[in-house]
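Just so we're on the same page, my numbering is the position in the sequence shown counted from 1, plus 1. Positions of the beta carbon are idealized from the N, C-alpha and C atoms, including for glycine. What you are looking at is a predicted structure, and each value in this text was computed from that prediction instead of being measured.
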Amino acid sequence: MKNRKRDIKSGGYQIDKTLVHGDRLISLLLLITLAYSSAFFTGEKIQKKGQIKYVSRVKEKNRYVKRHSYFYIGLHGKDWVESLDFFEKIAESLMSLSPHKRPNYKRSDRAATLIKYTL
């Protein structure tokens, strides 16, 4: 629950600065709620599949609060997969230079496949 509050509090929505009222405000809040919920549940699924370490930093031992919330993970999971697609040819050429790193590449490729099914 604390992470959700932190997301909303520091999310940068600044709804009061939009100067919208009535139906437009309700529509805006509904849209924000849908977007937040989508990212949150996607992040939760990524965490349940155990692929969180590919998307964000894992919680440290002495840290009281998790570093990133499900919301953050859901948003950045999509970005991570898209960046892998974008840099695929470069990564393959680098793998040919250091074939001993190929198992790491295959592991991240499998993680990307699992995350794609989540999105």
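Backbone secondary structure at residue i - three-state DSSP
i, result
"G51", "coil"
"F42", "helix"
"K18", "helix"
"L120", "coil"
"S28", "helix"
Selected residue, minimal CA-CA separation from residue i, among the options
i, options, result
"R111", "D86, S94 and S99", "D86"
"A113", "F88, L98, G78 and F41", "G78"
Neighbourhood of residue i by C-beta distance below 7 Å, restricted to the same chain and skipping five residues each side
i, result
"L76", "A40"
Same chain, Cβ closer than 6 Å to residue i, neighbours up to 5 away in sequence not counted
i, result
"L120", "K79"
"L115", "K50 and Q52"
Beta-carbon proximity list for residue i, same chain, < 8 Å, skipping 5 on both sides
i, result
"S57", "R68, H69, Y73, I74 and H77"
"A92", "L85 and Y106"
*At 4 residues or longer, and completely inside the stretch 75-109: list those alpha helix (DSSP H) runs for me, N to C.*
89-98
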